[in-house]
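S.K.:
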Amino acid sequence: MMANWAEARPLLILIVLLGQFVSIKAQEEDEDEGYGEEIACTQNGQMYLNRDIWKPAPCQICVCDNGAILCDKIECQDVLDCADPVTPPGHLTAALGDIMGHYDESMPDPLPEFTEDQAAPDDKNKTDPGVHATLKSLSSQIETMRSPDGSKKHPARTCDDLKLCHSAKQSGEYWIDPNQGSVEDAIKVYCNMETGETCISANPSSVPRKTWWASKSPDNKPVWYGLDMNRGSQFAYGDHQSPNTAITQMTFLRLLSKEASQNITYICKNSVGYMDDQAKNLKKAVVLKGANDLDIKAEGNIRFRYIVLQDTCSKRNGNVGKTVFEYRTQNVARLPIIDLAPVDVGGTDQEFGVEIGPVCFV
């Protein structure tokens, strides 16, 4: 299984990097409404944009190339084997049963085989207890290798895999290694064991509320926190000491996922987040930027629109409010959110902050 995956990794890395490069170039040429329908692809009722990459089957990968769907077979991993092994009964398999975790310590040790010219052993020659300790240790190690427990030493591939192999585990923090390489590049994530979602947190996970921009623009253009504001930066995910590790692991996690979602909370004071109560329109709504540089907005193509779960930032009344955005997509390359652009900023009395929710893949 590891060999097959190792052989497939160079091809997958090449395809992913190629897709990321061409998606950036394509984004520069597109209008605000997104990509033109003439270069989109449709498969099994699902529409994909030009240069989108997806997996219609576990061992197949496809890319949309100017309306044409190009697919190729890839080496895939074996199906997870989480079932307990079955060991046949009998004296000769008792030690094997112990190794595999099925030996019953309450039963007496089986008598060893001996020939006619050998005397039966007496009670003084009992099996060394250290042997049993070693066998039990091996049993535990073998079982952990077959069904990784989500520890740092034995990370799972995804939280969904962990759920399948250890259904009794509770939601919480675990270690995963989607690229199945060295465990040294495993990352800590939050596993939702009810849904099987793998969630990666931003680092830092919030932007403090204050006046970040003090230059009014008459044309109401969005101002990017990470790209335009002097003290701002784009959102990062995973361990801040090794940010590239999370980027690499998310690349492989996307290949193992069918859907992604994320919530972003805009904290406001005298700044419109979504609906402008005075103008009764969405022209000053916040704009989000996806991982593939796609702008996710309040209006326009439904595939590139977020939904709003809560909005108390519609009035400029001096009170602190918040707008909660949610974006779900089956094109997992669009997440996580890497930047945010408010429109209604620039005044000395206008403040905003951000709470960056974890990005979840399943």
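Residue numbers for the sequence shown, in mature numbering (1 follows the signal peptide of the UniProt record, and there is no 0): -26 to -1, 1 to 336. We put the CB at the ideal spot given by N, CA and C, even for glycine.
Give me whichever residues DSSP pairs with residue 286 in a beta bridge.
M.R.: None, per the DSSP bridge assignment.
S.K.: Report yes if the CB atom of residue 191 is closer than 8 angstroms to the CB atom of residue 320, and no otherwise.
M.R.: Against a cut-off of 8 angstroms, the Cβ pair of residue 320 and residue 191 comes out as a contact.
S.K.: Roughly how far, in whole angstroms, is the beta-carbon of residue 174 from the beta-carbon of residue 332, given that I think they are within contact range, below 8 angstroms?
M.R.: At roughly 6 angstroms, the Cβ-Cβ gap stays under 8 angstroms, so residue 174 and residue 332 are in contact.
S.K.: Check this for me: beta carbons of residue 280 and residue 262, under 8 angstroms apart or not?
M.R.: A contact, by the Cβ cut-off of 8 angstroms.
S.K.: Compare the Cα-Cα distances from residue 200 to each of 45, 15, 231, 311 and report the closest residue.
M.R.: Minimum Cα distance to residue 200 is reached at 311.
S.K.: Please state if the CB of residue 247 and the CB of residue 287 are separated by a distance shorter than 8 angstroms.
M.R.: It is a contact, given that the beta carbons lie within the stated cut-off.
S.K.: Residues in its own chain within less than 6 angstroms of residue 235 by CB, not counting five upstream and five downstream?
M.R.: Here the set comprises 302, 334.
S.K.: Over the uninterrupted beta strand (DSSP E) stretch that includes residue 209, give me the two end residues.
M.R.: It is not in any beta strand (DSSP E) - residue 209 carries neither H nor E in the DSSP assignment.
S.K.: Are residue 359 and residue 139 close, meaning C-beta to C-beta below 8 angstroms?
M.R.: Since the displayed the chain opens at -26 and closes at 336, residue 359 lies outside it and no answer follows.
S.K.: Should the region 128 to 136 be called in touch with the region 170 to 187, which here means at least 3 C-beta pairs below 8 angstroms?
M.R.: Because the criterion of three Cβ pairs below 8 angstroms is met, the region 128 to 136 and the region 170 to 187 touch.
S.K.: Going along the chain, which residues of its own chain have a beta-carbon closer than 6 angstroms to the beta-carbon of residue 37, five neighbours each way excluded?
M.R.: Counting only Cβ-Cβ distances below 6 angstroms, and skipping sequence neighbours, we find 27, 44.
S.K.: Opposite residue 160 in the DSSP bridges: which residues?
M.R.: According to DSSP, residue 160 bridges with nothing at all.
S.K.: Pick helix, strand or coil for residue 275, following the three-state DSSP scheme.
M.R.: Looking at residue 275 - three-state DSSP - the assignment turns out to be coil, as it is neither helix nor strand.
S.K.: Only counting the same chain, and skipping five residues up and downstream in sequence, which positions put a Cβ closer than 6 angstroms to that of residue 239?
M.R.: Hits under 6 angstroms: 296, 298, 329.
S.K.: With distance defined between alpha-carbon atoms, name the residue in 308, 160, 47, 323 nearest to residue 128.
M.R.: Comparing Cα-Cα distances from residue 128 to each of 308, 160, 47, 323, the minimum goes to 160.
S.K.: Taking DSSP's pairing of strands, which residues face residue 35 in a bridge?
M.R.: 46.
S.K.: By Cβ distance, which residues of its chain are closer than 7 angstroms to residue 123, with the 5 residues on each side in sequence left out?
M.R.: Counting only Cβ-Cβ distances below 7 angstroms, and skipping sequence neighbours, we find 140.
S.K.: Enumerate in chain order the residues of its own chain whose CB-to-CB distance from residue 6 is below 7 angstroms, with the five nearest sequence positions on each side excluded.
M.R.: For residue 6, the predicted structure reports a pLDDT of 46, less than 50, and the residue's modelled location is therefore unreliable. A value from the coordinates is still provided. Excluding positions up to five away in sequence, the list reads 274.
S.K.: Sort out for me which residues DSSP pairs residue 149 with in a bridge.
M.R.: Its beta-bridge partners are 162.
S.K.: Just tell me which of 210, 314, 151, 46 has its CA closest to the CA of residue 34.
M.R.: The option with the nearest alpha carbon to residue 34 is 46.
S.K.: With burial defined as no fewer than 16 other Cβ atoms inside 10 Å of the residue's Cβ, what is the status of residue 156: buried or exposed?
M.R.: Exposed is the call here.
S.K.: Between which two residues does the beta strand (DSSP E) harbouring residue 239 extend?
M.R.: Its beta strand (DSSP E) spans residues 234 to 243.
S.K.: Which residues share a DSSP beta bridge with residue 131?
M.R.: Answer by DSSP bridge pairing: none, since residue 131 is not bridged.
S.K.: Residue 228 by DSSP, collapsed to three states: which one?
M.R.: The answer is helix: DSSP assigns residue 228 an H, G or I state.
S.K.: Can you give the Cα-Cα distance for residue 178 and residue 41, rounded to whole angstroms?
M.R.: So the two alpha carbons sit approximately 40 angstroms from each other.
S.K.: Helix or strand or just coil, what does DSSP make of residue 263?
M.R.: In this structure, residue 263 counts as strand in the three-state DSSP scheme.
S.K.: Looking at residue 317 and residue 194, is the spacing between their C-beta atoms short of 8 angstroms?
M.R.: Result yes, Cβ atoms of residue 194 and residue 317 sit closer than 8 angstroms.
S.K.: Just the Cα atoms here: how many angstroms apart are residue 293 and residue 264?
M.R.: Each residue's Cα considered, the two are about 30 angstroms apart.
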